[in-house]
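**Q** The following block contains the structure, expressed as structure tokens.
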Amino acid sequence: MIAIAKGRFLEPSLNLLRSAGIDFQENLAESRRLIFDSTDGRCRAILVKPMDAPTYVEYGAADMGIAGRDVILESQADLLQPLDLGFGKCKIAVAVPNRTRSDDELARTVVRVATKYPHITLEHFNAQGIAVEIIPLSGSIELAPLVGLADRIVDLVESGRTLVENGLEIVEVITESSARLIVNRASYQTKRKEIVQLVETLEGLV
Amino acid sequence: MNSLTQIPPGTQILIGAAARRRRAVERTIFSVFEGWSYEEIIPPMLDYFDVFVKGMGSELEDRIYRFIDREGNVLALRPEFTSLLAKMAATRLSGEPTPVRLSYSGEVLRFETPKGGQQREFAQMGVEHYGGAPATADVEVLLVCMEALEKLGVTDYQINLGSVDFFGGIVDSIDLPEEQIDQLKDLLSIKDQASLERMMAGLSFEKSRTDILLAIPHLTGGREVLARARQLVTNERSIGAIEHLENIYGIFEGLGLAERLTIDLGEVRGFNYYSGILFRVYVRDLGFEVASGGRYDGLPAQFGRDTPAVGFSFSLDRLEQIVDSKTFGADRHPAAGVDENSFEGAIRLRREGKRVRLC
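Residue numbers (the working numbering), protein chains in the order written: chain A, 1 to 206; chain B, 1 to 359.
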């Protein structure tokens, strides 16, 4: 059982699996069903929201899955991550409005950070000894500093264009992210042959 | 929040079939422990905080439920049994001839996110073996674990067997600050090859060393893994670990049980107290381990008695999800109860061994 994330990872995930010999008769992107069997019957795929993929795999509801490193880190799920699949490359970065001067920043005792990654953000600033107030948002994070909701943002940055267009600039890269193959710890032991075989096949492809 | 009707997060109540199943599983496992001559010990629910910190390490300190007693001592509700039993083996039982074999069953408390059927309060059951030679004691506890699973009707399980000495020996020989060793451990524990390669690229290690570290995540499988590992390392501690695992694996081959074991030299997680083998038991189609254990030779010495020790514990909450509910948790009474309306009648029926329902 493989958990595949909907959205921007769906197509590259399916392409990769197809090259590894795992194909689906139906068009997963268009179907409304959520569970699919591969053409050769060897494996079954479930379609999940990107943020949920680590959960399905950690609990063993899916043996393996494909998820962004950003999502894995944020979920704090205990998983094996044997492979960097190479697509979906981006950064998790701290950005501030262009006009911010360091004096403005120092004047604040608590920095307000808008993000959809509260765990990653808190851990990052705590490690630097900076007190932050997390403003949890689920999209259009760039808007927050423009309307005075936050001083900084922590967000996924792919090309950086959205930031530039909204007058924001990256001041710090927290970590790099890309699509990872994730595997449940128990499945890795109890279904080792099948899983190791697939990991090796995929490793040869990426 | 109405604290009179709600239950605190992480606690649980077992009722009816769930309670019967708990006791049935407990009885089955205890009968196996007794069969291998493990004596039950009922330790206290709480002890001094320091006792547990010695064992579990500072990493888990913040997950311990602690409080201050009237004299100002810091006490803790037990987060595990191994430290408690090691303390007892080192103190109260220090005069006993070795090996000392102890078993236990009870609840432990840890402040963590409930996961995989395990709440903040969860039930553990296990054995500890003190003073035996590693060559035989390690095999013995593994056999006890296997028989218990068999008696519980759990057939599709795999034991993941590693040794902290293999990785420990490699770490001893590299000059890295503790922070980076922890980072290395984190990456190995999730088999994150990509990040491992990136980390190696940033360090100026000679190639042979880099090759060893990058190979670790792949050192999992059968006997052939040990042969492969042997080619990679030259330090005494790692080689000792390989030889010890070879010996254990050979014994299980002789017993026809080797297919139950998966050697995993990439397994580096675990409490600070582990010092030799460590293992985890996984069951097909359950996402979390049902048992874990290992050797912790240094722990009893913390309490004043230097003696080798090995043990493991089952997670009852997880085992209960996979045992057959018809066998475990069925009403044990052979016959239905008899309705009775006099006390005399009820006493008579009870003397006859019948189940009675007073109405």
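Yeah, the Cβ is synthetic: ideal placement off N, Cα and C, and Gly gets one too.
#1: How is the alpha helix (DSSP H) around B:D172 delimited, first residue to last?
#2: Please state whether the Cβ-Cβ distance between B:V32 and B:F312 is less than 9 Å.
#3: How many Å lie between A:G65 and A:I72 at the Cα?
#4: Could you say which of B:K191, B:Y157 and B:Y249 lies nearest to A:T190 if we only look at CA atoms?
#5: Chain A partners of B:T262, CB-CB under 8 Å?
#6: From B:Y130 to B:S342, what does the alpha carbon distance come to, in whole angstroms?
#7: So, do the region 47 to 67 of chain A and the region 171 to 187 of chain A have three or more beta carbon pairs nearer to each other than 8 Å?
#8: Pair every Cβ in the region 218 to 229 of chain B with every Cβ in the region 115 to 135 of chain A, then say whether three or more of these pairs are closer than 8 Å.
#9: Quick check: what's the CA-CA separation for A:S178 versus A:I92?
#10: Verify whether the separation of the beta carbon atoms of B:L265 and B:G162 is less than 9 Å.
#11: Determine the chain A residues that contact B:P114 at a beta-carbon separation under 8 Å, and present them in chain order.
#12: Chain B partners of A:P207, CB-CB under 8 Å?
#13: Under 9 Å between C-beta atoms, does A:R44 make it to chain B?
#14: List in chain order: all unbroken beta strand (DSSP E) runs of 3+ residues lying wholly within the region 133 to 201 of chain A.
#15: Is it buried or exposed, B:N160, if we count other Cβ atoms within 10 angstroms and call 16 or more buried?
#16: Can B:E40 and B:S103 be called in contact, C-beta distance under 9 Å?
#17: Quick one: is A:A61 near chain B, going by C-beta distance under 9 Å?
#18: At least one CB of chain A closer than 9 Å to the CB of B:T210: is that the case?
#19: Within 9 Å (strictly less), CB to CB, does A:V48 reach chain B?
#20: Mind checking the region 308 to 328 of chain B against chain A and listing, in chain order, the residues whose C-beta falls within less than 7 Å of any C-beta there?
#21: Along the chain, which unbroken stretches of the beta strand (DSSP E) at least 3 residues long are found entirely within the region 97 to 138 of chain B?
#22: Name, going along the chain, the residues of the region 283 to 298 of chain B whose beta-carbon falls closer than 8 Å to a beta-carbon of chain A.
#23: I want to verify the contact list: residues of chain B whose CB lies under 8 Å from the CB of A:N184, in sequence order.
#24: Using only the alpha-carbon positions, how far apart do B:D138 and B:F279 sit?
#25: Any beta-carbon of chain A closer than 9 Å to the one on B:D156?
#26: For a contact meaning CB atoms closer than 9 Å, what does A:E58 contact in chain B?
#27: Buried or exposed: where does B:L255 fall if 16 or more other Cβ atoms within 10 Å of its Cβ makes it buried?
#28: Give the DSSP bridge partners of B:V32, in chain order.
#29: Any contact of the region 79 to 89 of chain A with the region 21 to 34 of chain A, i.e. 3+ C-beta pairs under 8 Å?
#30: Give a yes or no on whether the minimum CB-CB distance between B:R280 and chain A is below 9 Å.
#31: B:Y274 by DSSP, collapsed to three states: which one?
#32: Can you tell which of B:L14, B:M88, B:T98 and B:G126 has the C-alpha that lies nearest to the C-alpha of B:G106?
#33: Determine, using beta carbons only, whether B:V154 and B:V323 come nearer to each other than 9 Å.
#34: For B:I235 and B:D172, which I take to be in contact (beta-carbon distance under 8 Å), what is that distance rounded to the nearest angstrom?
#35: Name the DSSP bridge partner or partners of B:G293?
#36: So B:S374 packs on B:Y296, CB below 8 Å; how close in whole Å?
**A** This is what the structure gives:
#1: Stepping through the second sequence from its first residue, residue 172 of chain B is reached at position 172. Following the DSSP letters along the chain, one finds B:D172 inside the alpha helix (DSSP H) bounded by residues V164 to D172.
#2: Taking the second sequence and counting its residues from 1, one reaches residue 32 of chain B at position 32. Taking the second sequence and counting its residues from 1, one reaches residue 312 of chain B at position 312. Not in contact: B:V32 and B:F312 (Cβ atoms no closer than 9 Å).
#3: Residue mapping note: residue 65 of chain A aligns to position 65 of the first sequence, counting from 1. Residue mapping note: residue 72 of chain A aligns to position 72 of the first sequence, counting from 1. Near 11 Å, if we compare the C-alpha coordinates of A:I72 and A:G65.
#4: What you label residue 190 of chain A is simply residue 190 of the first sequence in a count that begins at 1. Considering only alpha carbons, the answer is B:Y157.
#5: By 1-based counting over the second sequence, the position of residue 262 of chain B is 262. Within chain A, the residues near B:T262 are Q189 and R192.
#6: Indexing the second sequence from 1 puts residue 130 of chain B at position 130. Indexing the second sequence from 1 puts residue 342 of chain B at position 342. So the alpha carbons of these two residues sit roughly 55 Å apart.
#7: With a cut-off of 8 Å, the region 171 to 187 of chain A and the region 47 to 67 of chain A count as touching, because enough Cβ pairs lie within range.
#8: no
#9: Counted from its first residue, the first sequence places residue 178 of chain A at position 178. Counted from its first residue, the first sequence places residue 92 of chain A at position 92. Looking at the two C-alpha atoms, the distance is approximately 10 Å.
#10: Counted from its first residue, the second sequence places residue 265 of chain B at position 265. Counted from its first residue, the second sequence places residue 162 of chain B at position 162. Going by C-beta atoms, B:L265 is nearer than 9 Å to B:G162.
#11: As a position in the second sequence, residue 114 of chain B is number 114, starting the count at 1. In chain order: nothing, as chain A lies at least about 12 Å away.
#12: A query on residue 207 of chain A cannot be resolved here, the shown segment of chain A reaching from 1 to 206 and no further.
#13: For the purposes of this step, residue 44 of chain A is taken as the residue at position 44 of the first sequence. No, A:R44 lies away from the interface with chain B (no Cβ there is under 9 Å from its Cβ).
#14: 152 to 157, 168 to 177 and 179 to 183
#15: Walking along the second sequence from the start, residue 160 of chain B turns up at place 160. B:N160 comes out buried.
#16: If you number the second sequence from 1, residue 40 of chain B lands on position 40. If you number the second sequence from 1, residue 103 of chain B lands on position 103. Yes. Within cutoff.
#17: On the first sequence, residue 61 of chain A is found 61 positions in, with the first residue counted as 1. Closer than 9 Å to some Cβ of chain B, the Cβ of A:A61 qualifies, so yes.
#18: If you number the second sequence from 1, residue 210 of chain B lands on position 210. Not closer than 9 Å to any Cβ of chain A, the Cβ of B:T210 fails to qualify, so no.
#19: Taking the first residue of the first sequence as 1, we reach residue 48 of chain A at position 48. No, A:V48 lies away from the interface with chain B (no Cβ there is under 9 Å from its Cβ).
#20: none
#21: 100 to 109 and 121 to 130
#22: V283, R284, D285, L286, G287, F288 and E289
#23: On the first sequence, position 184 is the one that residue 184 of chain A refers to. Those within 8 Å of A:N184 in chain B are G287.
#24: One-based indexing of the second sequence puts residue 138 of chain B at position 138. One-based indexing of the second sequence puts residue 279 of chain B at position 279. Whole-angstrom Cα-Cα distance: 10 Å.
#25: Counting from one through the second sequence, the residue named residue 156 of chain B turns up at place 156. True, the Cβ-Cβ gap to chain A drops below 9 Å.
#26: Within the first sequence, residue 58 of chain A is the residue found at index 58, counting from 1. Ordered by position in chain B, the residues that pass the 9 Å Cβ test against A:E58 are K115, G116, G287 and F288.
#27: By one-based count along the second sequence, residue 255 of chain B stands at place 255. B:L255 should be labelled exposed.
#28: Counted from its first residue, the second sequence places residue 32 of chain B at position 32. For B:V32, which the question treats as bridged, DSSP gives no partner whatsoever.
#29: Too few Cβ pairs lie closer than 8 Å, so no.
#30: Sequence index remark: in the second sequence, residue 280 of chain B carries index 280 (1-based). Yes - at least one Cβ of chain A is within 9 Å of the one on B:R280.
#31: For the purposes of this step, residue 274 of chain B is taken as the residue at position 274 of the second sequence. If DSSP states are grouped into helix, strand and coil, B:Y274 belongs with coil.
#32: Translated into positions along the second sequence, residue 106 of chain B becomes position 106. Answer by Cα proximity: B:G126.
#33: By one-based count along the second sequence, residue 154 of chain B stands at place 154. By one-based count along the second sequence, residue 323 of chain B stands at place 323. Going by C-beta atoms, B:V154 is nearer than 9 Å to B:V323.
#34: Position 235 of the second sequence, counted from the start, is the residue given in the question as residue 235 of chain B. Position 172 of the second sequence, counted from the start, is the residue given in the question as residue 172 of chain B. It is worth fixing the name first, because residue 235 of chain B is Asn in this sequence and not Ile. Right, their Cβ atoms sit about 7 Å apart.
#35: As a working note, residue 293 of chain B is residue 293 in the second sequence. The partner list for B:G293 (beta bridge, DSSP) reads B:F279 and B:F312.
#36: Any answer about residue 374 of chain B is impossible in this case: the structure gives chain B only from 1 up to 359.
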